[in-house]
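Following: one structure in structure tokens, then a few remarks.
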Ligand code: ADP
Ligand code: ASP
Ligand code: MG
């Protein structure tokens, strides 16, 4: 059995969804399909929620209408005989409108509410695409259980693996799961982080010991650099898990970084393929790959929107426990550190965090070292 994940652009139009069907039906194995929301939909929903919280009612209604129209158009192109969107889809769109009204009335957007609305793109796309593929729809939030860290929830692998294994014990044929969405123990919707549908694919592949995980996207595989930035970037035929993790952690958006770990642990190969050009070989990610003397550097990636915070003081030199206090203070705020460096003279420590957490990180450091400062 294989797991095939199709990203937003791969399911962004009726034409591409037909490509997806060709790819899925062309497999000679049982297939689990994971789908994202239609390309751009999650961003649109996020924007609507932001408009709702500032009370820009007219604007978000306008956006909502466009969202309904987009899904309606895709639906009509796929099912010309059945003009009306199916009931589950209209139900989710209605729910979206109601929650947006709630956000607008209260003027508050909590992480819990945001996760509920952000997941609606996948909740809709899985309904439409499962009908088109005639696949058994399996609702990921019933199987993928997380903590309550809304926005980027941590998976409870014990529970999740158990549920997936029970549900797919005698699985044959084609099943379809929405990517990105999950639930906490209380039954609230959570999400696995932006770009998280890749991770859904990896979680399912690892739980079910799949033969491979295929990530179908809009480029010819893992490339030597971001093709939007570097025009002559080219596809890397093979990467190791460690190389893929390193490149994706440092900005290669083609794969969501947490995706690698579950498949790495099980030794499941990952293929990155282009939905529009399935004939191209793409990239294979496995335990080992020849590095070659001619091209020892596999690729270059970069991330923007990063803040570098430096703490400096002669008083830090030779004092044990400074780093521990610093990083404990940051961890307490649940801020992820991307990079750390300390001068060997020990009088500066620098670390990098996402820009949005910079002020919070600075406050945490200032509070921890209040006496020294
Ligand atoms: P999907 O919707 O299929 O998940 P994403 O937009 O998340 O697709 O990821 C694919 C995109 O990642 C590509 O269109 C490309 O612009 C970008 N990207 C950034 N770095 C790389 C890289 N090194 N190799 C390939 N694609 C990259
Ligand atoms: N739709 C989600 C996002 O845009 C998840 C994904 O596409 O992987 O972040
Ligand atoms: Mg993606």
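Numbering (the numbering used here), first residue to last: 718 to 1090.
For glycine and all other residues, C-beta sits at the position ideal for the given N, C-alpha and C.
Query raised in the report: Can you check whether the CB of residue 1070 is closer than 8 Å to the CB of residue 1090?
Result: no
Requested in this report: Count the CB pairs spanning the region 854 to 867 and the region 891 to 902 that are closer than 8 Å, and state whether there are at least three.
Outcome: Enough Cβ pairs lie closer than 8 Å, so yes.
Query raised in the report: Does any CB atom of chain B fall closer than 8 Å to the CB of residue 763?
Result: The question asks about chain B, but that chain is absent: this structure has only one protein chain.
Query - beta strand (DSSP E) segment containing residue 988, residue limits - result: 987 to 991
Query raised in the report: Which residues bound the beta strand (DSSP E) around residue 900?
Result: 898 to 901
Query raised in the report: Exposed or buried, what is residue 739 when buried is set at 16 or more other beta-carbons lying within 10 Å of its beta-carbon?
Result: The Cβ neighbour count for residue 739, taken over all protein chains shown within 10 Å, is under 16; the residue is labelled exposed.
Report task. Alpha carbon to alpha carbon, how far is residue 1072 from residue 751? Give it in angstroms, no decimals. Result -> Take the alpha-carbon of residue 751 and the one of residue 1072: they are about 31 Å apart.
Query raised in the report: Mind checking residue 801: buried by the 16 CB within 10 Å criterion, or exposed?
Result: exposed
Requested in this report: Verify the contact flag: residue 992, CB atom, against every heavy atom of ligand 2, threshold strictly below 7 Å.
Outcome: no
Requested in this report: Buried or exposed for residue 925, please, with buried defined as at least 16 other CB atoms from any protein chain shown within 10 angstroms of its CB.
Outcome: buried
**Report entry** Close-in-space but distant-in-sequence residues of the same chain around residue 889 (CB under 6 Å, 5 per side omitted)
**Finding:** 747
Query - Cβ shell of residue 884 (< 7 Å), same chain only, five flanking positions each side left out - result: 855 and 860
**Report entry** Rounded C-alpha distance that separates residue 1043 from residue 1075
**Finding:** 14 Å
Query raised in the report: What is the DSSP secondary structure of residue 853, counted as helix, strand or coil?
Result: strand
Query raised in the report: Roughly how many angstroms lie between the CA atoms of residue 817 and residue 730, to the nearest whole one?
Result: 26 Å
Query raised in the report: DSSP beta-bridge partners for residue 955?
Result: 1001
Requested in this report: Grab me the residues of residue 1019's own chain with a C-beta within less than 6 Å of its C-beta, minus the 5 sequence neighbours each way, in chain order.
Outcome: These residues qualify, in order along the chain: 968.
Query raised in the report: With a cut-off of 8 Å, do at least 3 Cβ pairs link the region 824 to 834 to the region 905 to 924?
Result: In short, these stretches touch, since the Cβ pair count reaches three.
Requested in this report: Under the assumption that residue 891 contacts residue 853 (Cβ atoms under 8 Å), give the Cβ distance between them as a whole number of angstroms.
Outcome: 7 Å
Query raised in the report: Does the distance from the C-beta atom of residue 1123 to that of residue 917 stay below 8 Å?
Result: Only positions 718 to 1090 of the chain appear in this structure, which leaves residue 1123 out of reach.
Requested in this report: Verify whether the separation of the beta carbon atoms of residue 992 and residue 737 is less than 8 Å.
Outcome: yes
Query raised in the report: Count the other CB atoms within 10 Å of the CB of residue 1101; is the residue buried (16 or more) or exposed (fewer)?
Result: Absent from the structure is residue 1101, since the part of the chain shown begins at 718 and ends at 1090.
Query raised in the report: Beta carbon of residue 894, beta carbon of residue 749: below 8 Å?
Result: Here residue 894 is near residue 749, since their CB atoms are less than 8 Å apart.
Query raised in the report: When the distance is taken between beta carbons, is residue 838 closer than 8 Å to residue 759?
Result: For the 8 Å CB-CB criterion, residue 759 and residue 838 form a contact.
Query raised in the report: What are the start and end residues of the beta strand (DSSP E) that includes residue 723?
Result: 719 to 723
Report task. Let me know the secondary structure DSSP gives residue 1056 once reduced to three states. Result -> strand
Query - Residue span of the alpha helix (DSSP H) that contains residue 979, given as start and end - result: In the DSSP assignment, residue 979 falls within the unbroken alpha helix (DSSP H) covering 977 to 983.
Requested in this report: Closer than 7 Å by C-beta to residue 878: which residues in its own chain qualify, once you throw out the five before and the five after it? Chain order, please.
Outcome: 924
Requested in this report: Starting from residue 962, follow its DSSP beta bridges and name the residues at the other end.
Outcome: For residue 962, which the question treats as bridged, DSSP gives no partner whatsoever.
Query raised in the report: When the distance is taken between beta carbons, is residue 952 closer than 8 Å to residue 912?
Result: Taking the C-beta atoms as reference points, residue 952 is found no nearer than 8 Å to residue 912.
Query raised in the report: Nearest to residue 984 by alpha carbon, out of 742, 865, 930 and 773?
Result: Nearest option by C-alpha distance: 930.
Query raised in the report: Which word fits residue 725, buried or exposed, when buried means at least 16 other C-beta atoms lie within 10 angstroms of its C-beta?
Result: buried
Report task. Go to residue 1029, then tell me how far its beta strand (DSSP E) extends in each direction, as first and last residue. Result -> 1023 to 1029
**Report entry** Reference residue 1001; option with closest CA among 959, 843, 1022 and 1057
**Finding:** 959
Requested in this report: May I ask you to check if the CB of residue 915 is nearer than 7 Å to at least one heavy atom of ligand 3?
Outcome: Residue 915: yes, Cβ under 7 Å from ligand 3.
Requested in this report: Look up residue 1019 in the DSSP assignment and say whether it is helix, strand or coil.
Outcome: It is coil, neither helix nor strand.
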